[in-house]
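*Asks:* Numbering of the sequence shown is given in the working numbering, commencing with residue 1107 and proceeding in unit increments. Virtual Cβ for every residue (Gly too), placed ideally from N, Cα, C.
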Amino acid sequence: MSQEQEIEHVQCLIIGSGPAGYTAAIYAARADLKPVMYTGMEMGGQLTQTTDVDNFPGYPNGIMGPEMMEDFRKQAERFGTQIRFGYVSSVDFTTMPHKIVVDEIKTITADTVIIATGAKAKWLGLPSEQKYNGFGVSACAVCDGFFFKGQDVAIVGAGDTAAEEATYLAKLCKKVYMLVRRDEFRASKAMVHRVLNTPNIEVIYDTEATEVIGNGKNVTGIRTINHKTQEEKTIDVEGFFVAIGHKPNTEIFKGWLTMDETGYLKTLPGTTKTNI
């Protein structure tokens, strides 16, 4: 078979399967653009790691994140979106149509590419953090909290994500130590109120983790330092959760699309168009 025959062409290719990707798919499909979506390695995006979603219209009693994304998927498919599991490994925007390589082996050309790749969790950068990643260290309380039911855990972070994950863990775990680097939260007042009114969450301000301690197999504790007093302390925990923000999944677009200093794509004022 010739190379030309092997290359599939689509009108509209959507990269990513979070809320933005599914929303784009619904509109594109209703416009008869016959969209093809590649989900990425985490189908459904970050909302699949979220517990109760209470602030989205249409769900008066709230809904779990994974259930919401399943609803989005069904709606996109109902209008004819082709949803494929796989990740886009590289792009070539030199010519039209655009060239996309999926799973490093399959080339697709597309008239239009919609980028909805979302973001991924940031890590502290501690060597011991990665050593025990998956063995007591996690960036997803919803994914891994169940494994620490009835145990003591720690979480680092001060924003809404950290607050939400801390309250989720508190439902499962005996004790949750929440490390906040500064003397206040960055989370919304509603989330801070929820944390401070959860009895088994202990907030430790002006403190960060300096090392994850383990026995070679699992996490047994963390070492911390207080920035104001310089006091170092060891906290015995079986699990350590990192919730310090996210990094955009835009690496494959470097050199092609304009980005800001943090890696988020820049669009033309008043539009969703990139520089290409």
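Nearest-angstrom Cα distance between Trp1229 and Phe1346?
*Replies:* Within the sequence shown, residue 1229 is the residue found at index 123, counting from 1. Within the sequence shown, residue 1346 is the residue found at index 240, counting from 1. For Trp1229 and Phe1346, the distance between alpha carbons rounds to 12 Å.
*Asks:* Rank Val1197, Phe1253, Val1262 and Met1149 by C-alpha distance to the C-alpha of Asn1324 and give the top, closest one.
*Replies:* On the sequence shown, residue 1324 is found 218 positions in, with the first residue counted as 1. Nearest of Val1197, Phe1253, Val1262 and Met1149 to Asn1324, Cα basis: Phe1253.
*Asks:* Ignore the nearest five residues each way along the sequence and tell me which others in Phe1191's own chain have a CB closer than 6 Å to its CB.
*Replies:* As a working mapping, residue 1191 is identified with position 85 in the sequence shown. Within the same chain, and ignoring the five residues on either side of Phe1191 in sequence, the residues whose Cβ sits closer than 6 Å to its Cβ are Thr1145.
*Asks:* Assuming Val1282 and Ile1307 form a contact by the criterion Cβ under 8 Å, report the distance between their Cβ atoms to the nearest whole angstrom.
*Replies:* In the sequence shown, counting from the first residue as 1, residue 1282 sits at position 176. In the sequence shown, counting from the first residue as 1, residue 1307 sits at position 201. Contact holds; Cβ gap of about 5 Å.
*Asks:* In whole angstroms, what is the alpha-carbon distance linking Gly1251 and Asp1217?
*Replies:* Reading the sequence shown from its first residue, position 145 is the one you call residue 1251. Reading the sequence shown from its first residue, position 111 is the one you call residue 1217. Distance between the alpha carbons of Gly1251 and Asp1217: 43 Å.
*Asks:* My assumption, with CB atoms under 8 Å, is that Ala1227 sits in contact with Gly1122. Please give the rounded CB distance.
*Replies:* Locating residue 1227 in the sequence shown gives position 121, counting from the first residue. Locating residue 1122 in the sequence shown gives position 16, counting from the first residue. In fact, because the Cβ distance is near 16 Å, the residues do not count as touching under 8 Å.
*Asks:* Return helix, strand or coil for Met1147, following the three-state DSSP convention.
*Replies:* Here residue 1147 refers to the residue found at position 41 when the sequence shown is read from its first residue. Met1147 falls in the coil class under three-state DSSP.
*Asks:* Can you look up Lys1280 in the DSSP assignment and give me helix, strand or coil?
*Replies:* The residue you call residue 1280 lines up with position 174 of the sequence shown. Coil, per DSSP.
*Asks:* Since Val1301 and Ala1272 are thought to touch, with beta carbons under 8 Å apart, how far apart are those beta carbons, to the nearest angstrom?
*Replies:* In the sequence shown, residue 1301 corresponds to position 195, counting from 1. In the sequence shown, residue 1272 corresponds to position 166, counting from 1. That pair is a contact at about 6 Å.
*Asks:* Expressed to the nearest angstrom, what Euclidean distance is found between the alpha-carbon atoms of Met1297 and Thr1373?
*Replies:* As a first step, residue 1297 must be located in the sequence shown, where it is residue number 191. As a first step, residue 1373 must be located in the sequence shown, where it is residue number 267. Each residue's alpha carbon lies about 31 Å from the other.
*Asks:* Classify Ile1341: buried if its beta carbon has 16 or more other beta carbons within 10 angstroms, exposed otherwise.
*Replies:* By one-based count along the sequence shown, residue 1341 stands at place 235. Buried, since its Cβ has 16 or more Cβ neighbours within 10 Å.
*Asks:* Name the two residues that bound the continuous alpha helix (DSSP H) containing His1333.
*Replies:* For the purposes of this step, residue 1333 is taken as the residue at position 227 of the sequence shown. Careful: His1333 lies outside any alpha helix (DSSP H) and carries neither H nor E.
*Asks:* How about the stretch 1204 to 1215 and the stretch 1148 to 1156: do they share at least three Cβ pairs that are nearer than 8 Å?
*Replies:* no
*Asks:* Thinking C-alpha only, which one of Lys1255, Phe1359, Thr1364 and Gly1376 is nearest Asp1198?
*Replies:* Sequence index remark: in the sequence shown, residue 1198 carries index 92 (1-based). Cα-wise, what sits closest to Asp1198 is Phe1359.
*Asks:* Have a look at Gly1369 and Thr1380 and give me their C-alpha separation to the nearest angstrom.
*Replies:* Counted from its first residue, the sequence shown places residue 1369 at position 263. Counted from its first residue, the sequence shown places residue 1380 at position 274. Inter-residue distance for Gly1369 and Thr1380 is about 13 Å (C-alpha atoms, whole angstroms).
*Asks:* So within the stretch 1246 to 1276, which uninterrupted alpha helix (DSSP H) runs reach at least 4 residues, ignoring any that extend past its ends?
*Replies:* 1247 to 1250
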